[in-house]
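Enquirer:
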Amino acid sequence: MYFDTHVHTSFSSDSKMNIKEALKKTKHLGLGLLTTEHLDYEYPDENLFRVDISSYIEAYTQYRSENYFIGLEMGLSESCFNENVETAENYTKLDYIIGSIHAVEGKDIYAEFFAFEKDKKQSYEKYLKAMLSNIKLYDCFHSLGHIDYICRYAPFEDKELYYNDFPDYFDEVFKALIKKDIVLELNTRRLHDKMAFDSMITIYSRYKELGGKYITIGSDAHKPEDIGINFEQAKFIAEKLSLKPVYFIKGKIEYM
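Straight run, no breaks: the sequence shown in our numbering ends on number 321.
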C-alpha cells in the first residue's frame with residue numbers, strides 16, 4: 066500500500082479538512098495516510114502555523130491504525146533550532162517529522178520573501194543555501210519536504226528549479242541527506258506540470274546517482290480532493306529511477 070505522507074487537516078492553520086474526511090478519501094483511493102500538521106516558529110504571525118501538538122495527538126490517537134499514523138511538518142531554521150529539537154524530544158509519540166524550508170533569512174517564502182527578492186538565481190541560491198545549512202544542523206527529522214517549494218510562490222515567468230543551475234548545492238544537499246539517513250520527499254503537488262515533472266526527473270536522478278535509495282511521497286493536501294493528487298506521476302518517477310517509496314512508524318522506516 067502506498068501512503069500519502071504529507072497531509073494537513075484542521076490542526077493546521079491553513080486547512081479546514083476533518084480527519085474523518087481525510088481517512089475516508091485515503092480509504093477510497095486505497096492509500097495509507099500520515100497527517101503532518103504545521104509547526105513553523107518563524108512564521109511572522111505567532112498565532113498561525115503552530116500546532117498544539119498535545120491536543121493533536123490526543124484527538125487523533127483514536128484513529129491510529131496500520132493505515133494511519135501521526136506526523137508533523139517542522140519549519141527548519143537556525144533561529145528556532147532549540148525549540149524544534151525540544152519539540153522532537155518531547156513528543157516521542159509522533160511517528161514522523163518532515164523538515165521543510167518555509168523561510169529564508171528570516172523571511173517566510175509564502176508571506177514575504179519575494180517582496181524583497183527580485184532576482185531568480187539569487188533567491189533560489191539563498192533557498193538552497195538555507196536548505197543545506199539546516200540539513201547539516203538538524204538531526205530530528207525523517208524526510209526533507211518539497212524540495213521545489215520555492216517554485217510555488219515565485220513571481221518569475223519561469224518558476225522552475227533546475228539541477229543544472231545549482232549542481233553544487235544540489236549535490237551537497239543530497240550527500241548531507243544520505244549521510245544522515247534522511248529521506249527525500251517527492252512532493253506531488255506540481256507533478257501535473259510538464260516542466261516541473263521533467264525537472265524533478267533530473268533532480269531525483271542525481272539523488273539516485275549519489276546513493277539515494279528512498280523517497281517519501283506526499284501531496285501536501287489541505288482538502289480532501291487533493292489527497293493522492295498526481296500519485297501516478299510520482300510512482301512513475303520512483304519506478305523509473307528505482308527509488309523505494311517509504312513511510313515511518315515511530316520514527317522507523319517502513320517499506321510500501
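Beta carbons are placed, not taken as given, at the ideal position from N, Cα and C, and that holds for glycine.
Give a yes or no on whether the C-beta atoms belonging to glutamate 102 and valine 116 are separated by under 8 Å.
Expert: Yes, these two residues count as a Cβ contact at 8 Å.
Enquirer: State the DSSP-derived secondary structure class of glutamate 107, mapped to helix, strand or coil.
Expert: The answer is coil: DSSP assigns glutamate 107 none of H, G, I, E or B.
Enquirer: Look up asparagine 252 in the DSSP assignment and say whether it is helix, strand or coil.
Expert: Strand.
Enquirer: Which stretch, first to last residue, makes up the beta strand (DSSP E) that contains proline 310?
Expert: Counting along the chain, the beta strand (DSSP E) containing proline 310 begins and ends at 309-314.
Enquirer: State buried or exposed for methionine 139, treating a residue as buried only when at least 16 other CB atoms are found within 10 Å of its CB.
Expert: Buried is the call here.
Enquirer: Whose C-alpha, out of Lys315, Cys216, Phe313, is nearest the C-alpha of lysine 186?
Expert: The candidate whose alpha carbon is nearest that of lysine 186 is Cys216.
Enquirer: Given that a residue counts as buried once 16 or more other Cβ atoms are within 10 Å of its Cβ, and exposed if not, what is threonine 152?
Expert: Classification for threonine 152: buried.
Enquirer: Apart from the five residues just before and just after serine 78, which ones in its own chain have a Cβ nearer than 6 Å to its Cβ?
Expert: Once the five neighbours on either side are set aside, the close Cβ partners of serine 78 are Leu113, Phe114.
Enquirer: Quick check: the Cα distance between serine 61 and leucine 249, rounded to an integer number of angstroms?
Expert: Because residue 61 is not part of the residues shown, which for the chain are 66 to 321, the question remains open.
Enquirer: List, from N- to C-terminal side, the alpha helix (DSSP H) runs of 4 residues or more that fit wholly inside the stretch 193-228.
Expert: Fully enclosed alpha helix (DSSP H) runs of 4 or longer: 214-218.
Enquirer: Between the C-alpha atoms of leucine 306 and threonine 267, what's the straight-line distance to the nearest angstrom?
Expert: If you take the alpha carbons of leucine 306 and threonine 267, they lie about 10 Å apart.
Enquirer: Please classify asparagine 199 as buried or exposed, where buried requires at least 16 other C-beta atoms within 10 Å of its C-beta.
Expert: Label assigned to asparagine 199: buried.
Enquirer: With DSSP as the reference, identify every bridge partner of glycine 97, one or two as the case may be.
Expert: In DSSP, glycine 97 forms a bridge with Phe68.
Enquirer: What first and last residue would you give for the beta strand (DSSP E) that runs through lysine 317?
Expert: 317-320 is the extent of the beta strand (DSSP E) around lysine 317.
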